[in-house]
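Asks: Throughout, the numbering used here is defined as the position within the sequence shown, counted from one, plus 2.
Every residue gets a Cβ at the ideal spot worked out from N, C-alpha and C, and that includes glycine.
Keep in mind that this is a model prediction, so the values were computed, not measured.
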Amino acid sequence: MVINENLTTPILGEYDAVVVGAGPAGCGAALALGRAGMKTLLIEKFNCLGGAWTTGFMNPFFDFYQKTGIVQELIKELQSAGQFGGFWNMSFNYEYMKFILEKKMQEANVEVLYNTTFSRALTEGNRVYGVVAENIEGRFAVLAKTVFDCTGDGNVAASAGCPFELGEDGDYKECQAMTLMFLVGNVPEKYRDGLMIYEKLNAVYEKAGKQIPFKVPYLIPAPNSHFAVIQFTHMYEYNPLSAKDLTKATMEGRQQLIDAFEFLTKYDEEFKDLELITSSSVLGVRESRRIIGEYRVSTDDILSGARFDDAVAYVTFGADLHTKSNKGQNCFQVKPYHLPMRALIPKGYKGIIVAGRCISGSREAMASYRVTGNCAQMGESAGYYVAEAIKKGVDIHDVKLNLHLADE
Ligand SMILES: Cc1cc2nc3c(=O)[nH]c(=O)nc-3n(C[C@H](O)[C@H](O)[C@H](O)COP(=O)(O)OP(=O)(O)OC[C@H]3O[C@@H](n4cnc5c(N)ncnc54)[C@H](O)[C@@H]3O)c2cc1C
């Protein structure tokens with residue numbers, strides 16, 4: 003059955019760019035657009051900036067070495083606030099990350115709307131000209147010369163009808179595992195630099211007579227604190243595009259984290275005083291839509307160190323696939339490579355750019371460029387490309403930028 007709602011939708015405004023999703027990619031894009039003088043709106047469904055960096059309780063900050071631009075600025079500001087370091091000398095305090103991003107967004111004159119959920123793309127044929135979103139004021143539309151899909155899941159592009167890949171040849175069961183991160187306090191002094199926690203967890207699981215769900219778990223402390231997140235729960239074979247499956251996976255994750263916490267405090271003398279603080283309010287989804295772009299980053303590209311004239315990111319992080327077959331991680335090194343702007347342009351579509359983990363690439367390539375330093379940098383570079391196209395009144399394909407991405 004279909005209900006014809008017959009709704010009227012007020013137009014909130016017209017922008018040069020609307021960025022949907024304030025994760026690393028969305029923050030990078032919005033900052034670049036704002037700094038380039040573009041009238042920019044950033045829409046985010048939660049009440050802070052950072053996406054997985056903050057609402058996802060994610061650490062450490064991978065693939066920041068050598069990078070220029072916003073990534074380097076963030077590291078420097080976190081460092082000078084004394085809020086960077088900790089685990090592997092690349093972890094940060096979540097609240098400071100939110101605060102620093104907000105400050106930068108205000109300085110760049112980006113209009114930010116929190117608690118605002120994108121609901122659908124506005125399209126005319128294959129051209130995207132705005133989005134419909136909802137918040138406390140109800141449903142509204144915003145019009146934009148370019149819409150940035152930085153939702154991680156490619157929600158805007160999918161709503162516009164852009165084709166995408168999922169899992170292995172469409173089989174979502176092959177997608178990487180999902181994880182519900184959780185925060186603990188009172189971490190023993192000797193583990194405040196972090197710990198690969200497999201042996202401990204395996205021992206307590208054995209004592210409890212239960213099977214461990216993941217074999218490469220980490221205790222990841224925030225800098226200068228007795229708090230840490232535990233990257234442990236692993237949920238396999240759920241469909242990242244099904245609301246029901248995401249709910250089931252979250253509930254399974256909660257059972258796993260309660261088990262882990264109870265077994266650790268009960269059976270491990272060193273962790274008997276550990277405190278359970280909370281789980282992240284968003285389920286960690288490593289892999290979902292990969293929008294089909296004008297260029298698809300291949301596994302060969304990441305192994306051979308591909309270079310492109312339209313480079314938007316310099317990637318050094320190895321591929322890291324959390325696979326169900328070994329309940330662990332399949333990792334391999336890459337030769338530092340570029341991502342091209344064309345991988346961020348949905349094939350056959352205008353007025354829309356994707357940035358973040360949902361760009362066009364093979365599963366193995368995505369397993370490398372998905373980490374946050376790369377998402378932030380590709381978002382930032384794409385912001386500069388679009389700003390240049392708008393300023394010059396030309397098509398994005400006619401923009402030539404020679405961005406300095408890394409000190410190689
Ligand atoms: C469990 C886990 C652990 C990880 N560990 C690390 C790590 O240690 N280091 C690292 O660098 N990377 C890590 N990653 C990878 C990294 O976190 C992600 O790949 C990266 O954050 C993707 O960035 P993004 O900007 O594309 O998406 P996200 O960070 O997911 O941001 C998307 C944003 O869009 C918003 N959004 C989504 N839909 C809507 C909507 N309809 N309306 C409005 N807003 C919306 C979301 O709320 C979010 O703020 C990890 C990922 C997971 C899942």
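Are the stretch 260 to 268 and the stretch 326 to 344 in contact at 8 angstroms, needing three or more beta carbon pairs?
Replies: Flag = no, the stretch 260 to 268 and the stretch 326 to 344 do not touch.
Asks: Tell me the rounded alpha-carbon separation between A6 and G163.
Replies: Here the question's residue 6 lines up with position 4 in the sequence shown. Here the question's residue 163 lines up with position 161 in the sequence shown. The sequence shown places Asn at residue 6, rather than the Ala named in the question. Rounded to the nearest angstrom, the two C-alpha atoms are 21 angstroms apart.
Asks: Once the 5 residues before and after I72 are set aside, which same chain residues still bring their CB inside 7 angstroms of it?
Replies: Residue 72 sits at position 70 when you count from the first residue of the sequence shown. Closer than 7 angstroms at the Cβ level, and outside the excluded window around I72, lie G30, L33, A378 and E382.
Asks: Let me know if T42 comes out buried or exposed under the rule of 16 or more other beta-carbons within 10 Å of its beta-carbon.
Replies: Looking up residue 42 in the sequence shown gives position 40. Answer is buried; the Cβ neighbour count reaches 16.
Asks: Where do the ends of the beta strand (DSSP E) carrying Q233 lie?
Replies: For the purposes of this step, residue 233 is taken as residue 231 along the sequence shown, with counting starting at 1. Element bounds for Q233: A230 to Q233.
Asks: Under the three-state reduction of DSSP, which class applies to Q331: helix, strand or coil?
Replies: Numbered from its first residue, the sequence shown carries residue 331 at position 329. Reduced to three states, the DSSP call for Q331 is strand.
Asks: Just mark G286 as buried or exposed, buried being the case when its beta carbon has 16 or more other beta carbons within 10 Å.
Replies: Working through the sequence shown from its first residue, we reach residue 286 at position 284. The residue is buried, with at least 16 neighbouring Cβ atoms inside 10 Å.
Asks: Provide the residue span of the alpha helix (DSSP H) that contains I392, from first to last.
Replies: To locate residue 392, count along the sequence shown from 1; it is residue 390. Residues T374 to K394.
Asks: Tell me whether K78 is buried or exposed, calling it buried when 16 or more other Cβ atoms sit within 10 Å of its Cβ.
Replies: For the purposes of this step, residue 78 is taken as the residue at position 76 of the sequence shown. Under this definition K78 is an exposed residue.
Asks: Is R129 helix, strand or coil when you go by DSSP?
Replies: For the purposes of this step, residue 129 is taken as the residue at position 127 of the sequence shown. Three-state result, R129: strand.
Asks: Would you say the beta carbon of A27 is closer than 7 angstroms to some non-hydrogen atom of ligand 1?
Replies: Numbered from its first residue, the sequence shown carries residue 27 at position 25. Within the cutoff, so yes.
Asks: What are the start and end residues of the beta strand (DSSP E) that includes R141?
Replies: For the purposes of this step, residue 141 is identified with residue 139 of the sequence shown, where counting begins at 1. G140 to D151 is the extent of the beta strand (DSSP E) around R141.
Asks: From what residue to what residue does the beta strand (DSSP E) around D18 run?
Replies: Here residue 18 corresponds to residue number 16 of the sequence shown, with the count starting at 1. Here the beta strand (DSSP E) through D18 covers I13 to V22.
Asks: Just tell me which of Y269, G156 and L243 has its CA closest to the CA of G208.
Replies: For the purposes of this step, residue 208 is taken as the residue at position 206 of the sequence shown. The amino acid occupying residue 208 in the given sequence is Glu; Gly does not appear at that position. It is Y269 whose Cα lies nearest to the Cα of E208.
Asks: Quick one: using the 10 Å Cβ neighbour count with 16 as the cut-off for buried, is H399 buried or exposed?
Replies: Walking along the sequence shown from the start, residue 399 turns up at place 397. It counts as exposed.
Asks: Could you tell me which uninterrupted alpha helix (DSSP H) segments, each at least 4 residues in length, are contained entirely in the stretch 45 to 126, listed from first to last along the chain?
Replies: Runs of the alpha helix (DSSP H) inside the stretch 45 to 126: 71 to 82 and 96 to 109.
Asks: Please classify M237 as buried or exposed, where buried requires at least 16 other C-beta atoms within 10 Å of its C-beta.
Replies: Your numbering for residue 237 matches position 235 in the sequence shown. Answer is buried; the Cβ neighbour count reaches 16.
Asks: When the Cα of V299 is compared with those of L124, E272 and A369, which residue comes out closest?
Replies: Indexing the sequence shown from 1 puts residue 299 at position 297. Cα-wise, what sits closest to V299 is A369.
Asks: On the DSSP letters alone, give me the boundaries of the beta strand (DSSP E) that D302 sits inside.
Replies: Along the sequence shown, read from residue 1 onward, the residue named residue 302 stands at position 300. Run containing D302: none in the beta strand (DSSP E); it sits in the alpha helix (DSSP H), T301 to S306.
Asks: Taking DSSP as the reference, what is the three-state secondary structure of H406?
Replies: As a working note, residue 406 is residue 404 in the sequence shown. The answer is coil: DSSP assigns H406 none of H, G, I, E or B.
Asks: For G295, which of V396, L305, F166 and S121 has the nearest alpha-carbon?
Replies: Walking along the sequence shown from the start, residue 295 turns up at place 293. Out of V396, L305, F166 and S121, F166 has the C-alpha closest to the C-alpha of G295.
Asks: Do L341 and V314 count as a contact pair if the criterion is CB distance below 8 angstroms?
Replies: Translated into positions along the sequence shown, residue 314 becomes position 312. Translated into positions along the sequence shown, residue 341 becomes position 339. Against a cut-off of 8 angstroms, the Cβ pair of L341 and V314 comes out as a contact.
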